[in-house]
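In this note's numbering, the protein residues as written are 2 to 259.
This is the structure:
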């Protein structure tokens, strides 16, 4: 699995539990990483997640996520058949980004929006709720794409276009807005993202919004000097409990001219 769209599992209680559950032993995967039909994936997701979201920064968005009541929260790791389910956690950077979009609908209204590393699709959902003209959700995990479609339907929305190829480093498309939640958890990835985002801004004048809860890799990276803080949100108590040492999450605007 490419590192480009991995989420920061080791930085939260959810992450540590899932890291233990899904990485201690070799997993059985479908031959050649070929996934079953969308219908099968929908059934699998429905049976192994719980509809939640009320305790997040965006209680108006309903999402299918892992909770302690779900089978694979505690199941033996070798029984999980797919890539690691980063899509099944609502990361605090994504929560702040989605909250900011919902509070400032003019940011997305009539825009062409890319939710990069979309995971559960919450930011894509927020963009659609705020009247975006066109939304693309990009996550390299096929299961994440299906989960995003299901989460959109939960919220009474037509699903966005879901792209599962790695768009980072590709020729920039003409998006007017790129949303990134909790993507700066690795220095090498942050550097790669920095270069690609710079190209998107230079070629198309793309606006870039970043959600991050103050992870060390984000705060120490050179890109941090090119960001203007737009908002800061106190994390709900339940989210604090699940993310060791994280009490707030911020939204930043990328300004390479700084």
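Built from N, CA and C at the ideal position, the CB exists for glycine as well.
Check: Can you give me the start and stop residues for the alpha helix (DSSP H) that residue 198 sits inside?; Outcome: 188-205
Check: So, with DSSP's three-state summary, where would you put residue 57?; Outcome: coil
Check: Identify every residue that forms a DSSP beta bridge with residue 163.; Outcome: 138
Check: Could you tell me which of 47, 60, 171 sits nearest to residue 99, measuring between CA atoms?; Outcome: 60
Check: Can you give me the C-alpha to C-alpha distance between residue 97 and residue 225, rounded to a whole angstrom?; Outcome: 17 Å
Check: Could you tell me the alpha carbon to alpha carbon distance between residue 188 and residue 214, rounded to whole angstroms?; Outcome: 16 Å
Check: For residue 76, name the three-state secondary structure that DSSP assigns.; Outcome: coil
Check: On the criterion of 16 or more Cβ atoms from any shown chain inside 10 Å, does residue 129 qualify as buried, or is it exposed?; Outcome: buried
Check: Going by C-alpha distance, which of 135, 102, 119, 110 is nearest residue 127?; Outcome: 102
Check: Taking the alpha carbon of residue 260 as the point to measure from, which residue in 202, 132, 196 has its own alpha carbon closest?; Outcome: What the structure shows of the chain is the stretch from 2 to 259, and residue 260 is not part of that stretch, so it cannot be assessed.
Check: Checking the sheet assignment: what are the DSSP bridge partners for residue 179?; Outcome: 115, 209
Check: How many Å lie between residue 258 and residue 227 at the Cα?; Outcome: 7 Å
Check: Excluding the 5 residues flanking residue 262 on each side, which residues of the same chain have their C-beta closer than 8 Å to its C-beta?; Outcome: Residue 262 is absent from the structure shown; the chain starts at 2 and stops at 259.
Check: Taking all protein chains shown into account, decide if residue 249 is buried (16 or more other Cβ within 10 angstroms of its Cβ) or exposed.; Outcome: exposed
Check: Give the DSSP bridge partners of residue 250, in chain order.; Outcome: 234
Check: With distances taken between CB atoms, is the gap from residue 151 to residue 43 smaller than 8 Å?; Outcome: yes
Check: In terms of alpha-carbon separation, which member of 234, 220, 241, 198 lies closest to residue 256?; Outcome: 198
Check: Along the chain, where does the beta strand (DSSP E) that runs through residue 64 open and close?; Outcome: 64-66
Check: Using 10 angstroms around the beta-carbon of residue 175, count the other beta-carbons present and answer buried if the total reaches 16, otherwise exposed.; Outcome: exposed
Check: In terms of residue numbering, what span does the alpha helix (DSSP H) encompassing residue 41 cover?; Outcome: 39-49
Check: Verify the CB distance criterion: does residue 79 have a CB-CB separation below 8 Å to chain D?; Outcome: Considering every chain present, this structure includes no chain D. It has just one protein chain.
Check: Cα separation between residue 165 and residue 50?; Outcome: 21 Å
Check: Thinking residue 149 and residue 119 are a contact (beta carbons under 8 Å), I'd like their distance in whole angstroms, please.; Outcome: 6 Å
Check: Just to check my reading of the structure: residue 137 and residue 39 have Cβ atoms closer than 8 Å, yes? What is that Cβ distance to the nearest angstrom?; Outcome: About 18 Å separates the two Cβ atoms, so there is no contact after all.
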